[in-house]
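Everything on this sheet refers to the single structure shown next.
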Amino acid sequence: DQQVFAMLLIQVFAYVASSTPYTIIVLYVVLTTVKNIDVPTADKSNLTFILFVTDMFRFICPFMSFYLFLLVSRLYRFEMVSIIRKIYNRCNILRKRNNDNNNTRHNTICIQNSNYATQTISRRQQNQAPVALSIIAT
160 DQQVFAMLLI QVFAYVASST PYTIIVLYVV LTTVKNIDVP TADKSNLTFI LFVTDMFRFI
220 CPFMSFYLFL LVSRLYRFEM VSIIRKIYNR CNILRKRNND NNNTRHNTIC IQNSNYATQT
280 ISRRQQNQAP VALSIIAT
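With the sequence shown counted from 1, adding 159 to any position gets you our numbering.
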């Protein structure tokens, strides 16, 4: 229960910390626009940059919870490690199966190619022998 409460508090704090600056900047932009306050061009570009950066922080919050939960909760870390181990083991099993299948296919292809090569050589020898004899005979 304490871990869940700590995770909730940290999530709320992260959400407030990431969304408040954007809200403040948007409020400032709206107030300066409504009151027709003349803002210099340099300040407008700085304000636009700050607006984009704070907007980015606002979109970071949804996936930041994953990292916060990893930092706060021992159970969450344990489950994450077990999931990664399962995935790693499955990948190793698949990799071994693929290597075994590739080796079997390669050996089969080599055997088939060597049989084809010996058959081709014997056919050439059979075809060339009469030609060689006919050349010698003439």
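A virtual CB, placed ideally from N, CA and C, is assigned to each residue, including glycine.
Spatial neighbours of residue i within its chain, please: CB distance less than 6 Å, with the 5 preceding and 5 following residues excluded, ordered by chain position.
| i | result |
| --- | --- |
| Thr213 | Pro180, Tyr181, Ile184 |
| Phe237 | none |
For residue i and residue j, I'd like the C-alpha separation in whole angstroms.
| i | j | result |
| --- | --- | --- |
| Ala173 | Val163 | 15 Å |
| Leu168 | Val231 | 11 Å |
| Lys245 | Val193 | 58 Å |
| Thr206 | Tyr187 | Reading the sequence as shown, one finds Leu at residue 206 and not Thr. So the two alpha carbons sit approximately 9 Å from each other. |
| Gln201 | Leu210 | According to the sequence as given, residue 201 is Ala; it is not Gln. Taking the straight line from one Cα to the other gives about 14 Å. |
| Arg249 | Lys203 | 54 Å |
| Ala176 | Phe218 | 12 Å |
| Arg233 | Ser178 | 27 Å |
| Arg256 | Tyr247 | 14 Å |
| Met215 | Phe208 | 11 Å |
Considering just the uninterrupted stretch of the alpha helix (DSSP H) at residue i, what are its terminal residues?
| i | result |
| --- | --- |
| Ile183 | 161-193 |
| Pro199 | Per DSSP, Pro199 belongs to no alpha helix (DSSP H) and is neither H nor E. |
Which same chain residues end up closer than 7 Å to residue i when comparing Cβ atoms and leaving out the 5 residues on each side of it in sequence?
| i | result |
| --- | --- |
| Pro221 | none |
In chain order, what residues of the same chain lie with their CB nearer than 8 Å to the CB of residue i, ignoring the 5 residues before and after it?
| i | result |
| --- | --- |
| Leu227 | Met166, Ile169, Gln170, Ala173 |
| Val198 | Thr191, Leu206 |
Use the C-beta contact count for residue i: other C-beta atoms within 10 angstroms, 16 or more gives buried, fewer gives exposed.
| i | result |
| --- | --- |
| Thr297 | Per-residue confidence for Thr297 stands at a pLDDT of 43, beneath the threshold of 50, marking its modelled position as unreliable; the derived number appears in the next sentence. Label assigned to Thr297: exposed. |
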